[in-house]
Amino acid sequence: MDNPVIITERLILRKMTPDDTGKLMEIFSDTVAMRYYPSTKNESETMEWVKWTQKNYDEYGVGLWIVEDKVTGEFLGQCGIVPQEVDGVIEMEIGYLFVRRLWGNGYATEAALACKNFGFERLKLNKMVSLPDVNNIPSTKVAERIGMQVIKTINKWGKEVYVYSVSI
Numbered sequence: 703m704d705n706p707v708i709i710t711e712r713l714i715l716r717k718m719t720p721d722d723t724g725k726l727m728e729i730f731s732d733t734v735a736m737r738y739y740p741s742t743k744n745e746s747e748t749m750e751w752v753k754w755t756q757k758n759y760d761e762y763g764v765g766l767w768i769v770e771d772k773v774t775g776e777f778l779g780q781c782g783i784v785p786q787e788v789d790g791v792i793e794m795e796i797g798y799l800f801v802r803r804l805w806g807n808g809y810a811t812e813a814a815l816a817c818k819n820f821g822f823e824r825l826k827l828n829k830m831v832s833l834p835d836v837n838n839i840p841s842t843k844v845a846e847r848i849g850m851q852v853i854k855t856i857n858k859w860g861k862e863v864y865v866y867s868v869s870i
């Protein structure tokens, strides 16, 4: 376990490192898991993703974190808090993406809820958003399960996304 950021009943969320590139490739090379992203990612693009994430850690103190099984250490996916521009304002987004063979186990909801609590309790944020593709029903359900509500639809990344929001 490398420097956990968040620990839940079943999960450990920790900072991403270049050593995670191969694990992330299980998701980023999967066309089904990536269908709501602009495209899949090759190894070089995945390494750039890790660098972008580490830059977020340095600049904002947050970013996407690697999610692992608390008992086995198995890589499950990524979830975290990411700065995103929404209508000209930087908002803190709870984002999540998990290994497809593990979908349906509640990992995304558990990790996203932990990130929401971390954002409000530890970071003292007063609002967070989630930006799922309007067609990504599983992601919209995760946002709803953690108490978010749709406030509008915007065009981002060349597609329509919901802006889900939760405030304290």
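Going by the numbering used here, the first residue of the sequence shown is number 703, and it counts up by one from there. Positions of the beta carbon are idealized from the N, C-alpha and C atoms, including for glycine.
Within 10 angstroms of the Cβ of residue i, are there 16 or more other Cβ atoms? Answer buried if so, exposed if not.
{"i": "Asp722", "result": "buried"}
{"i": "Met703", "result": "Any reading at Met703 needs caution, since the residue's pLDDT is 40, under 50, leaving its predicted position unreliable; the model's value is listed next. The residue in question, Met703, is exposed, as its Cβ has fewer than 16 Cβ neighbours within 10 Å."}
{"i": "Ile714", "result": "buried"}
{"i": "Ile796", "result": "buried"}
{"i": "Val844", "result": "buried"}
{"i": "Pro834", "result": "buried"}
{"i": "Ile853", "result": "exposed"}
{"i": "Glu711", "result": "exposed"}
{"i": "Lys757", "result": "exposed"}
What do you reckon, are the CB atoms on residue i and residue j nearer than 8 Å?
{"i": "Ser867", "j": "Val831", "result": "yes"}
{"i": "Lys725", "j": "Phe777", "result": "yes"}
{"i": "Pro785", "j": "Tyr809", "result": "no"}
{"i": "Met718", "j": "Val752", "result": "yes"}
{"i": "Leu674", "j": "Val764", "result": "In the structure displayed, the chain extends from 703 to 870; residue 674 sits before or after that span and is not available."}
{"i": "Trp716", "j": "Trp754", "result": "Residue identity check: residue 716 is Arg in the sequence provided, not Trp. Not a contact, by the Cβ cut-off of 8 Å."}
{"i": "Glu862", "j": "Thr855", "result": "yes"}
{"i": "Ile729", "j": "Gly806", "result": "no"}
{"i": "Tyr798", "j": "Cys781", "result": "yes"}
{"i": "Trp857", "j": "Tyr738", "result": "The amino acid occupying residue 857 in the given sequence is Asn; Trp does not appear at that position. Contact: no."}
Which first and last residues belong to the alpha helix (DSSP H) in which residue i is found?
{"i": "Arg847", "result": "Ile839 to Arg847"}
{"i": "Thr719", "result": "Careful: Thr719 lies outside any alpha helix (DSSP H) and carries neither H nor E."}
Tell me the residue span of the beta strand (DSSP E) that contains residue i.
{"i": "Ser731", "result": "Looking at the DSSP string, Ser731 is not in any beta strand (DSSP E), and its letter there is neither H nor E."}
{"i": "Pro706", "result": "Pro706 to Ile709"}
{"i": "Glu856", "result": "It is Ile, not Glu, that sits at residue 856 in the sequence shown. That run of the beta strand (DSSP E) goes Gln851 to Lys858."}
{"i": "Tyr866", "result": "Lys861 to Ser869"}
Entirely enclosed alpha helix (DSSP H) segments - the region 755–833, minimum 4 residues: 809–823
Taking three-plus beta-carbon pairs below 8 Å as touching, is the region 851–867 in contact with the region 802–816? Output reads no: the region 802–816 does not touch the region 851–867.
Between the region 767–775 and the region 736–749, can you find at least three pairs of beta-carbon atoms closer than 8 Å? no
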